[in-house]
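Worksheet: one structure, shown below.
In this note's numbering, the protein residues as written are 1 to 329.
Okay, here's the thing in structure tokens:
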């Protein structure tokens, strides 16, 4: 009995040590108190909208208007719980802050937690600079640049002059961007289409689907499948794991791959593949193909030349090569 008592004291002391200096709030309540609030701001001479948002949905619609109209739904646990919702102007910049002012320390809720859902109707010409901690983001019909720093939640973009995203987790879907797109992503799927400029993606995990890119495409990927199609520029891909499919590319294709199958077809310029493991299937290339392979089957059909530096382990099949063929090892 004394041994059990001593053990209990040890566990209690360890727990107190682990949580020392950390206040833990455990609330059995659900955030169910809901209220609506509307704000507006004249948009002249404003050229930029900066948003600092905590938990909640964020929806932005670009329109032909000269004011900023905000509709917010504030959800708290109690009627008197504090929150911050302000829309102010500072020279040519509008600043929106939307946050629940929670107490310090860790907090747990039995169900829905406090949040502020924000819907904005803004002049489409504004530059957007968004810092968001959690919650989905939806933006459409903007004609200027968009910069997003996001913690978690899905991001959906339709329209914009340029797009820059730094994201922790959540899916990203963007289309109809008139300039460069740059994405630094932790986890979640990425789907992009109809980008008029260069596309740069740094991704840790999640599938990537890309289509209809006018500029060059550069992808550095950790894990997940990648699909690219209808690229007017070149494609440079550094992929650690996951299957890779590339089709209908007007420029060069360069692939550095760790593991996973590779399928490349209908490329107008040279294809270079450095692969450690996985099958390689290359078809209908209007230029030369160069392959260095660790393991896996290789099949090449219809190219203007072929060089296989190392074929590693696995079968090799070639057909319709209309140019010099060099096979090492």
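Glycine included, every Cβ here is placed at the ideal spot set by N, Cα and C. None of these values were measured; they are calculated from a predicted model.
Going by C-alpha to C-alpha distance, which of the options sits closest to residue i?
i	options	result
residue 313	227, 292, 304 and 213	292
residue 140	117, 161 and 150	161
residue 177	186, 165, 157 and 166	157
residue 198	82, 263, 298 and 211	211
residue 231	79, 145, 247 and 132	247
residue 251	151, 276, 131 and 288	288
residue 146	50, 185, 266 and 281	50
residue 63	81, 126 and 165	126
residue 113	238, 100, 184 and 286	100
residue 135	285, 278 and 153	153
residue 259	296, 282 and 189	296
residue 203	165, 92 and 229	165
residue 33	81, 275 and 286	81
residue 261	226, 284, 290 and 115	226
residue 298	220, 273 and 170	273
residue 65	122, 74, 36 and 182	122
residue 309	290, 169, 214 and 285	290
residue 319	249, 188 and 285	285
residue 188	170, 117, 264 and 215	170
residue 60	215, 195 and 118	118
residue 336	220, 280 and 53	Outside the displayed range of the chain (1 to 329) lies residue 336, so it cannot be described from this structure.
residue 306	277, 294, 269 and 278	269
residue 196	159, 124 and 228	159
residue 44	76, 91 and 75	91
Can you give me the start and stop residues for the beta strand (DSSP E) that residue i sits inside?
i	result
residue 123	115-123
residue 35	33-42
residue 89	83-90
residue 140	137-140
residue 47	Per DSSP, residue 47 belongs to no beta strand (DSSP E) and is neither H nor E.
residue 71	67-76
residue 258	253-259
residue 276	271-277
residue 239	235-241
residue 248	244-249
Please classify residue i as buried or exposed, where buried requires at least 16 other C-beta atoms within 10 Å of its C-beta.
i	result
residue 98	buried
residue 174	buried
residue 303	buried
residue 208	buried
residue 317	exposed
residue 9	Its pLDDT being 44, under 50, residue 9 is placed unreliably in this model, and the value from its coordinates should be taken loosely. Classification for residue 9: exposed.
residue 327	exposed
residue 143	exposed
residue 103	Only weak support is given to the placement of residue 103: the predicted model assigns it a pLDDT of 49, under 50, and the value that follows is read from those uncertain coordinates. Answer is exposed; the Cβ neighbour count stays below 16.
residue 84	exposed
residue 42	exposed
residue 150	buried
residue 324	exposed
residue 79	exposed
residue 334	The displayed coordinates of the chain run from 1 to 329. Any statement about residue 334 would go beyond what the structure contains.
residue 275	buried
residue 311	buried
residue 5	At residue 5, the pLDDT of 45 sits below 50, so the modelled position is not reliable and the matter cannot be decided from this model.
residue 57	buried
Identify the residues that DSSP records as bridge partners of residue i: which are they?
i	result
residue 283	265 and 301
residue 209	191 and 227
residue 149	131 and 166
residue 307	290 and 326
residue 173	156 and 191
residue 99	84
residue 316	298
residue 198	Answer by DSSP bridge pairing: none, since residue 198 is not bridged.
residue 62	122
residue 184	166 and 202
Using 8 Å for Cβ pairs, my map puts residue i next to residue j. What's the rounded Cβ distance?
i	j	result
residue 133	residue 72	16 Å between Cβ atoms; not a contact.
residue 87	residue 39	4 Å
residue 200	residue 185	That belief does not hold up - the Cβ atoms of residue 200 and residue 185 are roughly 11 Å apart, past 8 Å.
residue 224	residue 193	The Cβ separation is near 18 Å, so there is no contact.
residue 155	residue 89	With a Cβ gap of about 26 Å, residue 155 and residue 89 do not count as contacting.
residue 237	residue 219	5 Å
Would you say residue i lies against chain D (beta-carbon separation less than 8 Å)?
i	result
residue 74	The structure shown contains no chain D; it holds only a single protein chain.
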